[in-house]
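A.B. asks: Sharing a structure with you now.
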Amino acid sequence: MDVIVADYAGFCFGVARAVKQAKEAPKPVASLGALVHNRQVVEQLAREGVHPVNSLEEVDSGRVLIRSHGVTPEILAAAREKGLEIIDATCPYVARAQRLARKLAGEGYQVIIVGDPGHPEVKGLLGWAGPGAVVVPHKEAAANLPFHPRRAVLAQTTQPVERLEEVAAVLRSNTDTLVVHNTVCQATRQRQEAAVNLARQVDVMVVVGGKESANTRHLAELCRATGTPTYHVERAGELCRQWFINARRVGVTGGASTPAWIIEEVVVMLAEQEKVMVPEDEKEPVKAPEGANLAPAGENNEVEVKPEACPDVTTAEAEDTAVAAGAVAGPAEPAIEETAAPGEQQEEQKNEMQQMEAKMPELRRGSIVTGTVVQVNDNEVLVDVGGKCEGIIPLNELSHRNISDPREVVAVGDTINVMVLKPENEEGHPVLSKRRADRRAAWEKLEEYLASGAELQGEVIEVVKGGLLVDVGVRGFVPASLIERGYVEDLNAYLGKTLRLRVIELDRSKNKVVLSQKAILEEEYEKQRQATWDSLEVGQVRKGVVRRLTNFGAFVDLGGVDGLLHVSEISWGRVEHPRDALAEGQEIEVKILGIDREEGKVSLGRKQLLPNPWDTAAERYPVGTVVEGKVLRLAPFGAFVEVEPGIEGLVHISQLADRHVEKPEDVVNAGEVIPVKVLGVDQEAHRMSLSLRQALRDKAKKQPKQVEKPQENQEEIGVKLGDLFGELFEEAK
0 MDVIVADYAG FCFGVARAVK QAKEAPKPVA SLGALVHNRQ VVEQLAREGV
50 HPVNSLEEVD SGRVLIRSHG VTPEILAAAR EKGLEIIDAT CPYVARAQRL
100 ARKLAGEGYQ VIIVGDPGHP EVKGLLGWAG PGAVVVPHKE AAANLPFHPR
150 RAVLAQTTQP VERLEEVAAV LRSNTDTLVV HNTVCQATRQ RQEAAVNLAR
200 QVDVMVVVGG KESANTRHLA ELCRATGTPT YHVERAGELC RQWFINARRV
250 GVTGGASTPA WIIEEVVVML AEQEKVMVPE DEKEPVKAPE GANLAPAGEN
300 NEVEVKPEAC PDVTTAEAED TAVAAGAVAG PAEPAIEETA APGEQQEEQK
350 NEMQQMEAKM PELRRGSIVT GTVVQVNDNE VLVDVGGKCE GIIPLNELSH
400 RNISDPREVV AVGDTINVMV LKPENEEGHP VLSKRRADRR AAWEKLEEYL
450 ASGAELQGEV IEVVKGGLLV DVGVRGFVPA SLIERGYVED LNAYLGKTLR
500 LRVIELDRSK NKVVLSQKAI LEEEYEKQRQ ATWDSLEVGQ VRKGVVRRLT
550 NFGAFVDLGG VDGLLHVSEI SWGRVEHPRD ALAEGQEIEV KILGIDREEG
600 KVSLGRKQLL PNPWDTAAER YPVGTVVEGK VLRLAPFGAF VEVEPGIEGL
650 VHISQLADRH VEKPEDVVNA GEVIPVKVLG VDQEAHRMSL SLRQALRDKA
700 KKQPKQVEKP QENQEEIGVK LGDLFGELFE EAK
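In terms of numbering that gives the first Met the number 0, the sequence shown is residues 0 to 732.
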């Protein structure tokens with residue numbers, strides 16, 4: 000059984016920040032309400048000296064911690080009046096919503112808060128939104144509000160954006176001026192989308208988190224809405240073996256108040272030795288190039304490789320920081336060879352040399368200079384950087400990749416940027432590094448990519464535990480869960496390929512770069528999906544790809560939208576199972592039979608695009624024709640026989656044999672091929688009457704008569720009436 004952990008599972012930014020503040024606060028400290036909606040975390044913090052209280056009345060002195068949900072301004076004022084030291088752990092997203100509520104209320108708007116009236120975050124928001132504020136849990140409640148000329152709509156940070164938009168749409172009809180601010184935390188939306196996407200790909204879904212946590216309960220509701228069996232548990236001990244019988248893939252996610260160690264506990268119990276999510280202390284370092292120092296693996300199993308040791312140089316990060324003010328030198332000046340000359344000529348040449356030296360760039364340790372490659376040797380490269388002597392780039396300072404020949408990276412005449420490691424070595428040559436100059440430029444570029452969200456490309460250079468290492472100027476890590484939209488079984492298939500990537504996390508101090516191709520694919524899929532929905536119409540004929548086969552039909556991808564092709568709509572003939580006619584990955588043409596946009600369902604047909612055999616059945620099977628057919632099924636009144644795919648007829652029980660038949664199975668069996676005679680065809684009703692009895696009789700007539708027996712035998716046996724008048728009896732019948 001494979002266990003797959005959803006992206007963004009566990010503590011959100013606000014909760015992680017609040018827990019950190021609680022742990023770092025001088026003890027004891029009173030938490031105004033449970034810090035997070037997770038019993039285990041609250042109990043753990045209580046053991047460390049963070050004790051929850053229901054109100055300020057229980058706190059006479061000391062410190063009070065405001066949890067991430069925030070509180071009303073009245074509570075803050077009361078805490079100050081009591082002389083309490085306030086540790087404000089209000090989530091920045093919640094604090095922003097509070098400031099907006101106060102500002103809008105001051106401008107005369109009636110503030111509408113979309114959320115759960117009983118949630119502590121909403122109670123706090125109400126205190127900032129003024130006396131006229133109203134909490135609206137859903138669009139139905141919004142429809143019951145009376146007219147108001149000026150309204151502003153905010154949302155509880157953990158609400159779905161769709162609910163905010165639904166409420167806003169309803170209020171536009173009974174408000175003159177409506178202002179809508181999306182205060183939903185993006186992390187919440189990402190968590191929900193990741194959980195739903197995973198739920199659609201697995202057999203069973205497990206949502207981990209406190210039972211009192213609203214966002215965790217909502218996660219479970221969203222996962223159940225996909226049709227996947229979903230179970231909400233607080234701890235691994237609540238897991239039931241019966242939930243996972245015949246389950247091949249199990250998805251796991253956690254609410255914003257669920258710590259990573261509880262999620263890991265669930266994953267370990269589910270996956271045992273095949274766990275996908277590895278605890279921090281079990282992560283394995285990745286083999287680095289010879290001479291490199293490995294730092295401990297960071298989050299998501301990414302690998303941190305410290306630069307090779309270099310004389311008089313620490314790590315590249317230390318260099319980058321120490322020489323951040325280093326100058327970038329311009330093009331190299333041509334060297335002047337000093338020659339001996341008497342008198343004034345010698346003095347003039349000396350002055351010229353001094354002037355030339357003054358123009359030479361100052362090669363300070365850590366500065367970035369531009370130079371031209373003048374020589375490429377087996378283990379080093381010489382670069383003209385405008386100094387007295389050419390600079391030397393050792394082989395291990397050419398590239399962050401493992402190379403054996405400098406010619407893989409540079410050629411004579413190339414203009415490159417290099418970092419000065421030593422202004423001079425023992426022989427007077429500057430010691431340079433292209434790798435470190437490239438690294439600094441790459442980090443600056445990656446920071447721009449992170450800020451803009453732009454797409455970049457990177458070649459996969461290594462497969463490591465939990466994902467891929469890619470070359471983006473530095474080594475970046477792509478977790479296995481962020482490579483494709485679906486599950487990736489063989490990571491080795493990506494080695495050497497170029498991925499389309501987006502930077503999602505950077506930590507220069509830890510040499511940590513986390514990237515995602517899935518983020519780009521998801522955005523494109525969503526755009527394609529919306530475009531497909533907008534263009535779908537009943538009666539259209541479209542191409543699609545068979546994605547999944549079930550007992551009742553096939554799901555066909557029309558371009559981001561899956562439609563159901565029921566087994567009865569695959570062919571005019573009888574199809575026992577869709578796999579008998581289709582294969583996963585096959586491209587087919589289908590006709591749209593029905594669209595339910597609210598439910599997100601599309602019904603498809605394929606047989607409508609194939610010739611209907613009934614249209615010409617009467618011409619091809621005139622009355623009296625004898626054909627062979629396969630017995631499909633038996634009924635008390637006869638047998639249904641298929642004469643060709645899509646055309647079947649009934650052999651009435653009276654037409655099965657010349658004798659009286661009690662049950663059809665006394666004469667024929669399902670699956671048997673028998674001759675039948677066409678008695679009648681009704682093209683409009685798609686019916687055909689057949690006879691086995693008459694087909695056998697016609698067949699017997701066509702067989703040659705037996706040779707007459709010797710006279711002596713006839714005399715012994717005697718003459719029978721059937722021998723004399725058999726043909727007359729047959730005609731009478």
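Where is the CB? At the ideal position from N, CA and C, for every residue including glycine.
(1) Could you check the C-alpha separation between residue 682 and residue 616 for me, to the nearest Å?
(2) Quick check: the segment 58 to 69 against the segment 235 to 243, are there 3 or more CB pairs under 8 Å?
(3) Can you tell me which of the three DSSP states residue 0 falls into?
(4) Which of the three DSSP states, helix, strand or coil, is assigned to residue 267?
(5) To which residues of the same chain is residue 745 closer than 8 Å at the C-beta, ignoring the five residues directly before and after it?
(6) Looking only at its chain, what residues have a beta carbon closer than 7 Å to the beta carbon of residue 594, apart from the 5 residues adjacent to it on each side?
(7) To the nearest whole angstrom, what separates the beta carbons of residue 88 and residue 186, a pair I think is in contact under 8 Å?
(8) Under the three-state reduction of DSSP, which class applies to residue 7: helix, strand or coil?
(9) Can you tell me whether DSSP reads residue 180 as helix, strand or coil?
(10) Name the one or two DSSP bridge partners that residue 416 has.
(11) Determine the extent of the beta strand (DSSP E) in which residue 123 is found, giving its start and end residues.
(12) Given that a residue counts as buried once 16 or more other Cβ atoms are within 10 Å of its Cβ, and exposed if not, what is residue 217?
(13) Within 10 angstroms of its Cβ, does residue 497 collect 16 or more other Cβ (buried), or is it exposed?
(14) Check residue 467 in the structure and name its three-state DSSP category.
(15) Could you tell me which residues DSSP pairs with residue 542 in its beta bridges?
(16) Can you grab the Cα-Cα spacing for the pair residue 624 / residue 649, in whole Å?
(17) If I'm right that residue 566 touches residue 551 with Cβ under 8 Å, what's the distance once you round it to whole angstroms?
(18) Might you give, ordered along the chain, the residues of its own chain that have their beta carbon closer than 6 Å to the beta carbon of residue 11, omitting 5 neighbours on each side?
(19) Pairing CB atoms from the segment 189 to 200 with CB atoms from the segment 164 to 179, are three or more of them under 8 Å?
(20) Assign residue 406 to one of three DSSP states: helix, strand, or coil.
(21) Between residue 384 and residue 494, what straight-line distance do the alpha-carbon atoms span, to the nearest angstrom?
(22) In the DSSP assignment, the alpha helix (DSSP H) including residue 99 goes from what residue to what residue?
(23) Does the beta-carbon of residue 111 have 16 or more other beta-carbons within 10 angstroms, so that it is buried, or is it exposed?
(24) How many Å lie between residue 630 and residue 667 at the Cα?
(25) Tell me, to the nearest whole angstrom, how far the beta carbon of residue 248 is from that of residue 1; I am working on the premise that it is less than 8 Å.
(26) On the three-state DSSP scale, how would you describe residue 187?
(27) Locate the alpha helix (DSSP H) running through residue 519, then write down its first and last residues.
(28) Quick one: grab the DSSP three-state call for residue 448.
(29) Residue 102: which of 50, 598 and 150 sits nearest, CA to CA?
(30) Buried or exposed: residue 433, going by 16 or more other Cβ atoms within 10 Å of its Cβ?
(31) Whose C-beta lies closer than 7 Å to the C-beta of residue 183 among residues of the same chain, with five residues either side of it excluded?
(32) Reducing DSSP to helix, strand and coil, say where residue 690 ends up.
(33) What residues in its chain sit with their C-beta under 8 Å from that of residue 98, if we drop five residues either side in the sequence?
(34) Kindly indicate which three-state DSSP category residue 199 falls into: helix, strand or coil?
(35) With residue 475 as the anchor, note down where its alpha helix (DSSP H) starts and where it stops.
(36) Select from 403, 570, 622 and 581 the residue whose C-alpha is nearest the C-alpha of residue 608.
C.D. replies: Once the coordinates are examined:
(1) 7 Å
(2) Under the 8 Å Cβ criterion, the segment 58 to 69 does not count as touching the segment 235 to 243, having fewer than three qualifying pairs.
(3) Of the three classes helix, strand and coil, the one that applies to residue 0 here is coil, per DSSP.
(4) Three-state result, residue 267: helix.
(5) A question about residue 745 goes unanswered here, because the residues of the chain that appear run from 0 up to 732.
(6) 535, 537 and 601
(7) That pair is no contact at about 16 Å.
(8) Coil.
(9) coil
(10) 369
(11) Segment 119 to 127 is the alpha helix (DSSP H) holding residue 123; no beta strand (DSSP E) there.
(12) buried
(13) exposed
(14) strand
(15) 588
(16) 15 Å
(17) Right, the Cβ-Cβ distance comes to about 6 Å (below 8 Å), so this counts as a contact.
(18) Taken in chain order, the residues that qualify are 186 and 255.
(19) With the rule of 3 Cβ pairs closer than 8 Å, the segment 189 to 200 does not count as touching the segment 164 to 179.
(20) Looking at residue 406 - three-state DSSP - the assignment turns out to be helix.
(21) 37 Å
(22) 91 to 105
(23) Counting of Cβ neighbours within 10 angstroms places residue 111 among the buried residues, the total reaching 16 or more.
(24) 8 Å
(25) Confirmed, about 5 Å.
(26) helix
(27) 517 to 534
(28) Three-state result, residue 448: helix.
(29) 150
(30) With 16 or more Cβ atoms within 10 Å of its Cβ, residue 433 is classed as buried.
(31) Excluding five sequence positions before and after residue 183, the CB atoms of its chain that fall closer than 7 Å to its own CB belong to 154, 156, 158, 160 and 163, given in chain order.
(32) strand
(33) 127
(34) Residue state, collapsed to three classes: coil.
(35) Taken as a continuous stretch (DSSP letters only), residue 475 belongs to no alpha helix (DSSP H), being part of the beta strand (DSSP E) at 474 to 478.
(36) 570
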